[in-house]
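Comments concern the structure below.
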Amino acid sequence: MDCSVLILQLLLHMASGATTPGLKVALTSEGSNHVLRTEIPILEKRLSMMHLPGVAGAFYVPLVGKMQYTLHNTVLRKVKILQPSVLFERRAASVLLYNSSCEISAEWSYRRVGIHVIPLFDRGSCNATAANASLGLSVLVKVDSGGHPAMYASGCRCDVGELNLSFHSYAHEKERVLYELLLTVMRNHLGKIVCRQLCETAQTSVNEIGVTFLGSIPSVATLDNVSEINYAILKAPSFRPTYVESFHKGEILSIKTPVEAPITPPPTPALFNASRMLYIWLTDYIFNSGGFVYHTSGVLQYTITPDMIPPGFPIKLNTLYFRHLFPQFYNKYPEMGIVLELNTTKPPLVCIIPTSANITIYSAVNVNAIGYNGSRVLAFVLGMKTMVDLKPALRSQGSRHFIYADLENFETQLSLLYNTIGEFNMKAVQQFINFAIDTTIFPEASSYFNRGIPLPVPSAMMFIGPQMTLGEGYFVIATDFKYKPTTTRRRHKSGIDAKLELFPSLLTHL
200 MDCSVLILQL
210 LLHMASGATT
220 PGLKVALTSE
230 GSNHVLRTEI
240 PILEKRLSMM
250 HLPGVAGAFY
260 VPLVGKMQYT
270 LHNTVLRKVK
280 ILQPSVLFER
290 RAASVLLYNS
300 SCEISAEWSY
310 RRVGIHVIPL
320 FDRGSCNATA
330 ANASLGLSVL
340 VKVDSGGHPA
350 MYASGCRCDV
360 GELNLSFHSY
370 AHEKERVLYE
380 LLLTVMRNHL
390 GKIVCRQLCE
400 TAQTSVNEIG
410 VTFLGSIPSV
420 ATLDNVSEIN
430 YAILKAPSFR
440 PTYVESFHKG
450 EILSIKTPVE
460 APITPPPTPA
470 LFNASRMLYI
480 WLTDYIFNSG
490 GFVYHTSGVL
500 QYTITPDMIP
510 PGFPIKLNTL
520 YFRHLFPQFY
530 NKYPEMGIVL
540 ELNTTKPPLV
550 CIIPTSANIT
560 IYSAVNVNAI
570 GYNGSRVLAF
580 VLGMKTMVDL
590 KPALRSQGSR
600 HFIYADLENF
610 ETQLSLLYNT
620 IGEFNMKAVQ
630 QFINFAIDTT
640 IFPEASSYFN
650 RGIPLPVPSA
660 MMFIGPQMTL
670 GEGYFVIATD
680 FKYKPTTTRR
690 RHKSGIDAKL
700 ELFPSLLTHL
């Protein structure tokens with residue numbers, strides 16, 4: 200797509216706010232399964248050595264009567280989950296824990312109800328093992344009106360599989376049939392409490408993982424003292440068979456006067472090959488909304504004075520050094536200092552196509568002479584169009600990731616807007632302006648673009664082998680990652696519509 204077409208689109212799409220995402224993130228099934236597998240040892244440790252609720256009940260034995268029993272001091276041990284997986288469904292995800300096993304120890308007792316000549320009672324300990332147990336959870340992701348996501352686990356399904364229960368010993372061998380019956384009753388109750396505890400603990404763990412995982416993703420990140428980037432989620436995530444997508448506002452706004460840019464984000468393509476764990480699409484809307492902020496806030500006004508030229512540089516900002524290039528300027532203002540005042544006349548425009556990326560800056564340059572009394576005298580005004588090649592790249596600092604750009608080549612096109620000194624050689628002025636930009640503005644602009652914009656990813660995620668590809672109006676980062684879970688869990692608030700204070704603004708990324 201030609202950049203002139205993009206300019207036309209910007210002029211045509213005057214909207215009150217962006218309804219399409221400026222940034223899109225896709226977490227694939229491979230990535231989600233990696234997160235789950237990494238969290239499983241924490242869940243296993245949490246379940247192991249866990250005390251289960253006591254059980255009390257009664258059953259009737261023919262010719263014996265009503266029997267009461269208790270099962271207490273029940274402890275889960277050596278919990279192992281061998282086949283964890285995440286499946287994406289139409290509107291939710293399912294967490295499946297297959298081929299799980301555990302050991303259980305408990306104490307038991309029973310007695311015959313009522314008054315009898317020969318009382319029946321006993322107590323002891325028992326062990327149980329569960330094999331081929333399975334558990335399934337539905338995981339929902341909701342987004343509140345502020346664009347903050349929250350993850351909830353619900354709808355637990357549990358099967359303890361093969362549950363083998365055995366008494367260590369019992370006092371009355373002749374009452375073996377009674378013990379076998381008691382064993383059957385206790386096995387059924389034990390299976391229910393194990394399932395209930397597994398479900399409750401798994402749901403709590405998934406909820407806390409969601410709060411911790413999502414809570415470290417910024418919804419707003421401060422860029423500098425002028426702007427911040429808004430990563431609020433625009434709508435509910437979209438689930439596909441092999442990945443889940445989230446749609447973010449992805450707009451740079453003024454901190455003091457946040458006004459949405461009158462432009463529309465370009466579309467991003469569907470993910471056809473989900474071979475990596477994570478994909479992040481950044482559209483040119485992010486950068487062009489930033490250009491709108493800096494232009495309207497007056498930040499893109501720049502003054503170059505003689506003292507800004509490096510001391511050892513052979514050319515100075517003085518008419519004396521340019522008397523041969525345009526003598527009219529020197530004759531009218533002999534041996535006077537020169538001050539250049541630059542300001543943008545419209546927001547800078549970033550253009551991204553599959554083969555390159557560049558930024559075009561439209562500005563006016565006031566060329567002033569410094570009078571003997573120190574006042575500035577306007578000599579002429581130039582219209583300037585500056586085109587700079589961008590090389591976007593990714594920088595990682597531990598688990599924090601920034602997108603930045605190297606400024607490579609630049610080209611300027613000049614036009615004369617106002618003149619008080621008569622005709623002069625525009626080619627000479629072009630050389631003069633290029634010199635001024637190359638020695639002052641370009642290094643400072645390069646430093647600013649190298650600061651980078653933070654990406655909205657969890658703090659526990661470290662990229663592995665990221666690759667960047669340019670497209671029509673966007674570039675996409677495809678990467679694997681290593682997930683390092685935190686052992687400190689943030690508690691999940693109750694209620695599906697609970698307001699979660701998940702997203703404190705990041706400090707400036709400088």
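Those letters in the sequence shown? Residues 200 to 709, per my numbering, in order.
The beta-carbon is built from N, C-alpha and C at its ideal position, and this holds for glycine as well.
Which partner residues of ALA556 appear in the DSSP bridge assignment?
Position 357 of the sequence shown holds residue 556. Looking at the DSSP assignment, ALA556 forms a beta bridge with ILE551, LEU589.
Touch test, the segment 344-356 against the segment 411-427, Cβ-Cβ under 8 Å, three pairs minimum
yes
Is DSSP giving LEU242 helix, strand or coil here?
As a first step, residue 242 must be located in the sequence shown, where it is residue number 43. When DSSP states are grouped into helix, strand and coil, LEU242 belongs to the helix group.
Would ALA401 and GLY360 be called neighbours here (beta carbons separated by less than 8 Å)?
As a working mapping, residue 401 is identified with position 202 in the sequence shown. As a working mapping, residue 360 is identified with position 161 in the sequence shown. Cβ distance not < 8 Å, so ALA401 and GLY360 don't count as in contact.
Look at the alpha carbon of VAL294 and the alpha carbon of ILE485, and state the distance between them as a whole number of angstroms.
Mapped onto the sequence shown, residue 294 falls at position 95. Mapped onto the sequence shown, residue 485 falls at position 286. When rounded, the distance between both Cα atoms is 34 Å.
Report the start-end ranges of each beta strand (DSSP E) in the segment 299-370 that is 3 residues or longer and not cut off at the edges.
320-342, 348-358, 361-366
Nearest by alpha-carbon distance to ILE514: which of HIS447, GLY651, ALA635 is it?
If you number the sequence shown from 1, residue 514 lands on position 315. It is ALA635.
Exposed or buried, which one is LYS698 when buried takes at least 16 other CB atoms within 10 Å?
Within the sequence shown, residue 698 is the residue found at index 499, counting from 1. Here LYS698 scores only 29 on pLDDT, less than 50, and its place in the model is too uncertain to base an answer on.
Assuming ASN487 contacts ILE462 under a Cβ cut-off of 8 Å, what Cβ separation, rounded to an integer in Å, is found between them?
Looking up residue 487 in the sequence shown gives position 288. Looking up residue 462 in the sequence shown gives position 263. Contact flag correct, Cβ pair sits at about 6 Å.
Can you give the Cα-Cα distance for LEU433 and HIS600, rounded to whole angstroms?
Stepping through the sequence shown from its first residue, residue 433 is reached at position 234. Stepping through the sequence shown from its first residue, residue 600 is reached at position 401. Those two C-alpha atoms are separated by around 22 Å.
Threshold first: 3 residues or longer. Then list the beta strand (DSSP E) segments lying entirely within the segment 258-305, N to C.
264-287
List the endpoints of the continuous beta strand (DSSP E) containing MET660.
Here residue 660 corresponds to residue number 461 of the sequence shown, with the count starting at 1. Run containing MET660: 660-670, per the beta strand (DSSP E) assignment.
Top-ranked residue by Cα proximity to PHE680, from THR543, LEU246, GLY664
Translated into positions along the sequence shown, residue 680 becomes position 481. Here the closest residue by C-alpha is GLY664.
Beta-carbon gap between ARG439 and ALA677 smaller than 8 Å:
As a first step, residue 439 is located in the sequence shown; it is residue number 240 there, counting from the start. As a first step, residue 677 is located in the sequence shown; it is residue number 478 there, counting from the start. In this structure, ALA677 does not lie closer than 8 Å to ARG439 by Cβ.
Taking the CB atoms as reference points, tell me whether ALA257 and LYS265 lie closer together than 8 Å.
The sequence position of residue 257 within the sequence shown is 58, counting from 1. The sequence position of residue 265 within the sequence shown is 66, counting from 1. Yes, the pair counts as a contact, with Cβ atoms nearer than the cut-off.
Do SER595 and PHE662 count as a contact pair if the criterion is CB distance below 8 Å?
Along the sequence shown, read from residue 1 onward, the residue named residue 662 stands at position 463. Along the sequence shown, read from residue 1 onward, the residue named residue 595 stands at position 396. For PHE662 and SER595, yes; Cβs fall inside 8 Å.
Is THR273 buried or exposed, if buried means 16 or more other CB atoms sit within 10 Å of its CB?
For the purposes of this step, residue 273 is taken as the residue at position 74 of the sequence shown. So THR273 counts as buried.
Between MET535 and the rest of its own chain, which residues show a CB-CB distance below 6 Å, the 5 nearest in sequence each way excluded?
On the sequence shown, residue 535 is found 336 positions in, with the first residue counted as 1. So the qualifying residues of the chain are THR518, ALA568, ILE569.
Out of PRO684, THR685, LYS683, VAL675, which one is the CA nearest neighbour of LEU222?
Position 23 of the sequence shown, counting from 1, holds the residue named residue 222. Answer by Cα proximity: VAL675.
In the DSSP assignment, find the unbroken beta strand (DSSP E) run with ASN542 in it and report its ends.
Working through the sequence shown from its first residue, we reach residue 542 at position 343. Here the beta strand (DSSP E) through ASN542 covers 537-543.
To which residues does DSSP link LEU222 through a beta bridge?
Here residue 222 refers to the residue found at position 23 of the sequence shown. In DSSP, LEU222 forms a bridge with HIS447, LEU481.
Three CB pairs or more closer than 8 Å across the segment 267-282 and the segment 443-452:
no
In terms of residue numbering, what span does the beta strand (DSSP E) encompassing PHE471 cover?
Counted from its first residue, the sequence shown places residue 471 at position 272. That residue, PHE471, is in no beta strand (DSSP E); it is neither H nor E in DSSP.
Along the chain, where does the beta strand (DSSP E) containing ALA604 start, and where does it finish?
Counting from one through the sequence shown, the residue named residue 604 turns up at place 405. Start and end: 599-618.
Mind reading off the beta-carbon distance from THR559 to LEU548? Whole number of angstroms is fine, and I expect it under 8 Å.
Numbered from its first residue, the sequence shown carries residue 559 at position 360. Numbered from its first residue, the sequence shown carries residue 548 at position 349. Contact holds; Cβ gap of about 5 Å.
To the nearest angstrom, how far is the alpha carbon of ARG311 from that of LEU382?
On the sequence shown, position 112 is the one that residue 311 refers to. On the sequence shown, position 183 is the one that residue 382 refers to. So the two alpha carbons sit approximately 16 Å from each other.
Quick check: what's the CA-CA separation for ASN565 versus THR639?
The count along the sequence shown starts at 1 and reaches residue 565 at position 366. The count along the sequence shown starts at 1 and reaches residue 639 at position 440. Roughly 16 Å between the two C-alpha positions.
Compute the distance between the beta-carbons of GLY354 and LEU336, then report whether it is under 8 Å.
Against the sequence shown, residue 354 aligns to sequence position 155. Against the sequence shown, residue 336 aligns to sequence position 137. Contact check for GLY354 against LEU336 passes: the beta carbons are separated by less than 8 Å.
In DSSP terms, what VAL580 is bridged to:
As a position in the sequence shown, residue 580 is number 381, starting the count at 1. VAL580 is bridged to ASN565, TYR617.
Per-residue DSSP class, three states only, for LEU413
Locating residue 413 in the sequence shown gives position 214, counting from the first residue. The answer is helix: DSSP assigns LEU413 an H, G or I state.
When the Cα of CYS325 is compared with those of ALA460, SER365, GLU607, ALA469, which residue comes out closest?
Looking up residue 325 in the sequence shown gives position 126. It is SER365 whose Cα lies nearest to the Cα of CYS325.
Less than 6 Å between C-beta atoms, sequence neighbours within five positions excluded: which residues of the same chain meet that for THR328?
Here residue 328 corresponds to residue number 129 of the sequence shown, with the count starting at 1. Closer than 6 Å at the Cβ level, and outside the excluded window around THR328, lie GLU302, ASN363.
What does DSSP give as the partner residues of VAL183 in its beta bridges?
Missing from the structure shown is residue 183; the chain here goes from 200 to 709 and no further.
Identify, in the order they occur along the chain, each residue of the same chain with its Cβ nearer than 6 Å to the Cβ of THR269, setting aside the five sequence neighbours on each side.
One-based indexing of the sequence shown puts residue 269 at position 70. Excluding positions up to five away in sequence, the list reads ALA255, SER308.
Helix, strand or coil: how does DSSP classify PRO440 here?
For the purposes of this step, residue 440 is taken as residue 241 along the sequence shown, with counting starting at 1. Reduced to three states, the DSSP call for PRO440 is coil.
What do you get for VAL538, buried or exposed, if any count of 16 or more other CB atoms within 10 angstroms of its CB means buried?
Locating residue 538 in the sequence shown gives position 339, counting from the first residue. VAL538 is buried by the Cβ-count criterion.
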